[in-house]
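Going letter by letter, the sequence shown gives residues 1 to 160 in full-length UniProt numbering.
The beta carbon of each residue, even a glycine, is placed where N, CA and C say it ideally should be.
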Amino acid sequence: MHIIARRAAAGFGFPPLLISSVRTSKHTGCRGLPTMAERSQQPQLFNQPKIELHVHLDGAIRVETIFDVAKRRRIDLRVNSSEELKEKIILREPATLTGFLEKFNEYMHVIAGDREAIKRIAYEFIEDKAKEGVIYVEVRYSPHLLANSNVEPIPWNQNR
């Protein structure tokens with residue numbers, strides 16, 4: 001399934017992109033993951049409106065959101081901060097598809113079945129895309145993977 005959002009977050013505005021030697025994205029708030037505009041030698045190219053035709057919602061969740069939801073739901077992620085969680089789930093070197101997908105096991109059980117968390121993730125996704133200057137996005141998600149434990153097979157090794 002996928003959701004199409006067009007300027008859904010136009011009220012957030014599109015701030016100008018800034019080139020920075022600091023490895024913290026001014027747009028996404030992700031430390032250690034600079035945006036393409038921050039890495040580019042031609043930042044004016046990234047100041048233009050953009051479209052994204054294939055984005056997975058469950059792969060675009062803010063690390064801080066995962067950590068906050070885990071605290072609210074009293075789910076132990078075996079980390080003490082969102083920074084530690086980020087270090088745990090980010091791939092530092094190229095990996096196989098299986099290696100990449102295994103990272104989802106670290107956090108999807110926190111989100112699955114929590115309607116408020118899913119609503120927050122969707123809102124933050126649109127907010128982030130608006131800040132990045134994206135005016136059209138096709139975002140996909142899998143209802144089965146975001147479902148609670150009342151589906152077969154039970155995703156993310158949840159307990160009933």
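Quick check: residue i and residue j, are their CB atoms within less than 7 Å of each other?
i           : j    : result
F125        : A60  : yes
residue 162 : V110 : There is simply no residue 162 to check, as the chain begins at 1 and stops at 160 in what is shown.
F104        : L85  : no
S82         : V63  : yes
L53         : E138 : yes
R140        : H56  : yes
Bridge partners of residue i, per DSSP?
i   : result
I90 : Partner(s): none; I90 has no beta bridge.
H56 : R140
I51 : Y136
How big is the Cα-Cα spacing for residue i and residue j?
i    : j    : result
Y107 : A117 : 12 Å
K129 : I90  : 20 Å
R73  : Q48  : 40 Å
S142 : E102 : 16 Å
R115 : L97  : 28 Å
T65  : D58  : 12 Å
H144 : R92  : 29 Å
K50  : Y123 : 19 Å
E127 : L77  : 26 Å
Kindly give me the distance between the Cβ atoms of residue i and residue j, rounded to whole angstroms, as I take these residues to be in contact under 8 Å.
i    : j    : result
A112 : L146 : 6 Å
K88  : V79  : 6 Å
Any beta-carbon of chain C closer than 7 Å to the one on residue i?
i    : result
V137 : Considering every chain present, this structure includes no chain C. It has just one protein chain.
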